[in-house]
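In our numbering, the protein residues as written are 582 to 1135.
All C-beta atoms, glycine included, are put in the ideal place defined by N, C-alpha and C.
I have placed the structure first, in the form of structure tokens, so that the comments after it can refer back to it.
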Amino acid sequence: MKKKLANLLEESINRCIEKGFLKPCTLPPIEVDLPREDSHGDYASNVAMTLASIQRKKPRAIAEDIVASINDRNSMLESIEIAGPGFINFFIRQDFWVTLLKEPDMLKSRFGESSIGGGKRVLVEFVSANPTGPLHIGHARGAVTGDVIARILEASGYFVSREYYINDAGNQMNLLGRSIYYRYRELFGEEEAFPQDCYQGEYIADLAREIRDRDGNEHLHRKPDDAFAIFTEYGCESLMEGIREDLEAFGVTFDSYFSEKELYRNEGVTRLIEELMDKGFVYREGDTLWFKTTDFGDDKDRVVVRETGEPTYFAADIGYHKSKFDRGYDMVIDIWGADHHGYIPRIYAGIQAIGRERSALHIILVQLVNLLRDGIPVAMSTRAGEFVTLREVLDEVGRDAARYNFLMRRSNSHLDFDLELAKKQSNENPVYYVQYAHARIASIMRTAMERGFDIPGYDDVDLSLLKLEEEMELVKAIDRFPDVIEGSARSLEPHRIPFYSNDLASSFHSYYNRNRILGDDAELSRTRLFLVKNVGLVLGNALRFLGVTAPERM
RNA sequence: GCGCCCGUAGCUCAGCUGGAUAGAGUGGCAGACUUCGAAUCUGUUGGUCGUAGGUUCGAAUCCUACCGGGCGUACCA
């Protein structure tokens, strides 16, 4: 509906220009919004006001010209009003509203999809947790955020690939190997003190036991450096396997895993550094190489090759991003924990230095999760081995509730996640509200069948029977769904979908409590059945975008 | 110190990229099941949008300063 009205306005403005009412100019984007007040119409536009400054003319006068030139071929409009400083308010005819139900009924599970992406290739990189321990709840929020952004973009005409960057090189990996090694020695009674700086978690000892069960004591006689390498590799692979399984149980899958170690092996990092040197973005100071990120707005230059001759993590990361673009992606999305925000200017400097547009990279920061149990904070630290794993959360609160809770908030705001609250199967838990509406509708459909109704399609019902305000509200809400998904895709904001779903579920519950769907009047019942069926369809589609199940009964 | 994020109802949060009289949920209070699912619904209570300036037809939204909370500020990843 929004788009139909915007088109109507655009045509009219062009006509005004032809007739000389308005001076030729480049049109501002035509916005059509939902007014807060019902008395301001079903939709409203402020074009007259935005044109006013360009045209140097009074907004109300412009609005009048535009309204006079509108050609409502399809008889959508009940009336148009000009209000306040120059708003154009549209009132849509009731019999036009109901025709919009044709679309969801035809498109079914594809209702909500669009082609705004135009086939652009997008890489979404997310989670990318170091394989030094199992995923914990902090990773979970980034995981669902990335997953849902990928789902939305896929539905919006983008060609999407999901990637996990494995930091399987560097100090933390060595530390992992050492940690397992010392636990391994303990198993054979080598009781030196377990180093403080090593990973303390119980899972380290588990890994050590696995190696003992497989290889016995053979690593005891190796030189520590050789043993570290073996233990590192084993730990990394084993932990990655666990991570993959946990994510899958959480409904999150990847198309590719990109290994940092591979990047080094393929000379990706050396080639990158050479490129930066060739382009003159790098200077030498003693034995270290500095990248002039300040040329791109960073507040200080950054080291890319250490005194020791080893490239930094940063160097590898630019190399990794170069690889993303070299693989042909038009748009790259990184989902990061908010604690990495300081890193943003430097990575932008990196991609600009390799000749890419800033606008091709979108970094989404996901704020940290405050884990609570009954309102009391739960302390977490990977190093100390104190944390609640993703697996534990899944086992305790379930996948649907966990996902929904993470998706309800803007990723940019801090999130309290209360384990007890998320676990409750009651009205305190918003996921059930939407699911319940879906299940309830499914139940109505079942009852209807039992009573001998068919489930009608668009052409089999008399839509003029939909007269109630609540019914119009539902029709309007259904019609809005594609706009919500599109807005969500453009802004990369998944949280809009839970909010919309909640509103739609609320309108439905309210309608249901006030009116009978299946009553004495067979024709009316069939029409209402049709309406409600489409509400269920949209709720189902919305939940699918969120990766949450849409139950038929619960 | 510097940088980023956040500050909206008692609590948890939306606010459609600058629009008209600021909204939900939750909590409190009062109500609705012999009829399609009460995990539901209806009504009511509740706000100087952190503070002070500025930009303009118009600001919770943009700019500046300050206050409060979080997170960064490595030749770690």
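Meets three-Cβ-pair contact criterion under 8 Å: the stretch 981–989 and the stretch 1004–1022:
Yes, since at least three Cβ pairs between the stretch 981–989 and the stretch 1004–1022 fall closer than 8 Å, the two stretches touch.
What ranges does the alpha helix (DSSP H) occupy inside the stretch 746–804, keeping only unbroken runs of at least 4 residues that lie completely in it?
Taken in chain order, the complete alpha helix (DSSP H) segments of 4 or more residues contained in the stretch 746–804 are 752–768 and 783–796.
Grab the span of the alpha helix (DSSP H) containing arginine 1061 for me, first residue to last.
Annotation for arginine 1061: the continuous alpha helix (DSSP H) segment containing it runs 1050–1072.
Would you list the one or two residues that DSSP bridges to proline 1143?
Nothing can be reported for residue 1143: it is not among the residues displayed for the chain, which extend from 582 to 1135.
Throw me the rounded Cβ distance for the aspartate 907 and glycine 956 pair, which I believe falls under 8 Å.
Not confirmed; about 49 Å, so no contact.
Would you list the one or two residues that DSSP bridges to proline 958?
For proline 958, which the question treats as bridged, DSSP gives the partners Leu953.
What does DSSP give as the partner residue(s) for tryptophan 917 in the beta ladder?
Paired residue(s): Leu946.
DSSP bridge partner residues for arginine 702 (one or two, in chain order)
Paired residue(s): Phe740.
Take every Cβ of the stretch 702–718, pair it with every Cβ of the stretch 743–761, and state whether three or more of those distances are shorter than 8 Å.
Yes, the stretch 702–718 is in contact with the stretch 743–761.
Please name the residue, chosen from Val725, Pro685, Tyr762 and Pro666, that lies closest to tyrosine 815 on a Cα-to-Cα basis.
Nearest to tyrosine 815 by alpha-carbon distance, out of Val725, Pro685, Tyr762 and Pro666, is Tyr762.
Is DSSP giving threonine 631 helix, strand or coil here?
Here threonine 631 sits in helix by DSSP.
How many angstroms separate the CA atom of glutamate 772 from the CA atom of histidine 800?
Taking C-alpha positions only, glutamate 772 is separated from histidine 800 by approximately 16 Å.
Along the chain, where does the beta strand (DSSP E) that runs through isoleucine 661 open and close?
If you look at isoleucine 661, you'll find it in the beta strand (DSSP E) that goes 658–664.
Between isoleucine 747 and tyrosine 624, how many whole angstroms is the CB-CB distance? I'm expecting something under 8 Å.
Not confirmed; about 48 Å, so no contact.
Taking 8 Å as the cut-off, decide whether the C-beta atoms of histidine 995 and leucine 949 are in contact.
In this structure, histidine 995 lies near leucine 949, with their beta-carbon atoms less than 8 Å apart.
Please name the residue in Ile669, Ile661 and Ser656 whose C-alpha comes closest to that of isoleucine 611.
Checking every option, the nearest Cα to that of isoleucine 611 belongs to Ile669.
So for threonine 874, helix, strand or coil by DSSP?
Correct three-state label for threonine 874: helix.
Through-space distance from threonine 874 to glutamate 856, alpha-carbon basis
Rounded to the nearest whole angstrom, the C-alpha separation of glutamate 856 and threonine 874 is 15 Å.
Nearest candidate by alpha-carbon position, reference phenylalanine 707, set Ile697, Glu694, Asp728 and His717:
From the listed residues Ile697, Glu694, Asp728 and His717, the smallest Cα separation to phenylalanine 707 is found for Asp728.
Per DSSP, what are the beta-bridge partners of alanine 717 in this structure?
Contrary to the premise, residue 717 reads as histidine rather than alanine in this sequence. Histidine 717 pairs with Thr970.
Please classify threonine 1153: does DSSP put it in a helix, a strand, or coil?
Past the edges of the chain, shown from 582 to 1135, lies residue 1153, and the structure says nothing about it.
Helix or strand or just coil, what does DSSP make of threonine 607?
Coil.
Tell me, please, whether the stretch 648–658 touches the stretch 1075–1084 by the rule of three or more beta-carbon pairs shorter than 8 Å.
No, they do not touch.
In angstroms, rounded to a whole number, what distance separates the CA positions of isoleucine 1036 and glutamate 1133?
Near 16 Å, if we compare the C-alpha coordinates of glutamate 1133 and isoleucine 1036.
Three-state secondary structure (DSSP) of alanine 625:
In this structure, DSSP gives alanine 625 an extended state, which the three-state scheme calls strand.
State the CB to CB distance for the pair isoleucine 647 and isoleucine 733, rounded to an integer number of angstroms; the pair is presumed to be in contact (CB under 8 Å).
The Cβ separation is near 34 Å, so there is no contact.
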